[in-house]
Amino acid sequence: MSDLSQQINDDLKNAMREKNAVALTVLRGLKSAIKYAAIEQGGADTELDDTAAIAVIRTQIKQRQDSIESFKAGGRDDLIATEQAELDILEKYLPAGLSDDEVAALVDAAIAETGAESRKDMGAVMKLLQERTAGRADNKTL
1 MSDLSQQIND DLKNAMREKN AVALTVLRGL KSAIKYAAIE QGGADTELDD TAAIAVIRTQ
61 IKQRQDSIES FKAGGRDDLI ATEQAELDIL EKYLPAGLSD DEVAALVDAA IAETGAESRK
121 DMGAVMKLLQ ERTAGRADNK TL
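For the sequence shown, my numbering begins at 1 and goes up steadily by one.
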């Protein structure tokens with residue numbers, strides 16, 4: 001079992017003990033999403049590594065962010081608070097993010113290394129950046 005999966009399981013147990021309904025719901029959903037992604041990747045006995053699990057967490061976070069934007073547009077402040085609480089719980093499982101300067105340096109290095117000169121070379125640059133950032137920055141930022 002990966003460190004991240006173990007941490008999620010431990011936090012799930014703590015949420016049960018503390019009767020924290022929001023954390024319990026979020027962590028159960030996260031565990032389910034990670035298991036579903038593992039089954040898609042390689043069958044029922046497959047377990048995701050931390051990098052793949054972080055990708056699933058990022059997807060869950062993106063869903064919450066989209067919901068918050070929709071609720072703001074609809075004036076549903078009551079639902080925004082719930083989604084924000086869920087978002088805060090999920091963000092605990094992401095590795096420390098890169099600063100803007102670190103991202104800029106990585107982008108410059110990747111462009112130089114791949115020899116990218118135009119927008120059509122962006123795919124090669126993004127692939128290299130995704131490998132090097134390993135979940136510490138999302139694609140939108142990159």
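Where a beta carbon is used, it is the ideal one built from N, C-alpha and C, also for glycine.
Query	Result
Take every Cβ of the segment 84-94, pair it with every Cβ of the segment 55-62, and state whether three or more of those distances are shorter than 8 Å.	yes
Determine the direct distance from the alpha carbon of Glu40 to that of Gln7, and round the result to whole angstroms.	22 Å
Less than 9 Å between the beta carbons of Ala110 and Arg136, yes or no?	no
Closest to Lys31 by CA distance: which of Ser118, Met122 and Ala52 is it?	Ala52
Measuring CB to CB, does Leu90 end up less than 9 Å from Ile68?	no
If you count every other CB in all the chains shown that lies within 10 Å of the CB of Arg17, and 16 or more means buried, which is it?	exposed
Hey, Ala38 and Leu48 are a contact pair by Cβ (cut 8 Å); roughly how many whole angstroms apart?	5 Å
Using 10 angstroms around the beta-carbon of Ala112, count the other beta-carbons present and answer buried if the total reaches 16, otherwise exposed.	exposed
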